[in-house]
Amino acid sequence: MKMVFDKIGSTAKPFKVDLEGVCLEGTLQKSGYHQVTLDAQISGSIELSCDRCGDTFDYELDNKLKLKLSDQVSEDKDDLDIIEFLDGEIDISYILQSEINTLKSAYHYCDACSDNDEDFEVEY
């Protein structure tokens, strides 16, 4: 789902995007001449692999997401929550896919492994 950057005004514009069983629902609102604020909720479930035993499990999501979006190169080195869309279109599906990929790339343990302090060794 893409939205033209210049079409977003000071009144909050709602959106909803679903991808891979995850829903991103929230609003976009102009917060400066070249900035838009995304205020949203991520909910749903994704399948992850346990980094200890390799079993797959469902991971429930219910997180707030607040980002600044810009249509020009940002010089602010202190704020890492800025995404630049230099082509004039905000791609909300890209934002959701990025959040899903970030979660998948982190370390995760299933319920059985998160409570287990024993050494883990698998023989082949």
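Counting in our numbering, the sequence shown runs from 124 upward without gaps.
Beta carbons are placed, not taken as given, at the ideal position from N, Cα and C, and that holds for glycine.
Residue pairing by DSSP leaves L226 without any beta bridge partner.
Per DSSP, C236 is not a residue of any beta strand (DSSP E); the alpha helix (DSSP H) it occupies stretches across D234 to S237. As computed with DSSP, V140 is found in a beta bridge with L147. In the DSSP assignment, T179 falls within the beta strand (DSSP E) that extends over T179 to S193. Within 10 angstroms of the beta-carbon of A163 lie 16 or more other beta-carbons, which makes it buried. By the CB criterion at 7 Å, G144 and S166 fall outside the cutoff. A check of alpha carbon separations from E170 across T160, L184 and D194 identifies L184 as the nearest.
Just so you know, the alpha carbons of D210 and D194 end up roughly 7 Å apart. The C-beta distance from V159 to L151 rounds to 5 Å, short enough to fall under 8 Å. Annotated three-state conformation of L219 is helix, per DSSP. Residue state for D129 is assigned as helix, using DSSP reduced to three classes.
In the displayed model, S168 falls within a strand according to three-state DSSP. Taking a 10 Å sphere around the C-beta of E222, we find 16 or more other C-beta atoms and assign the residue as buried.
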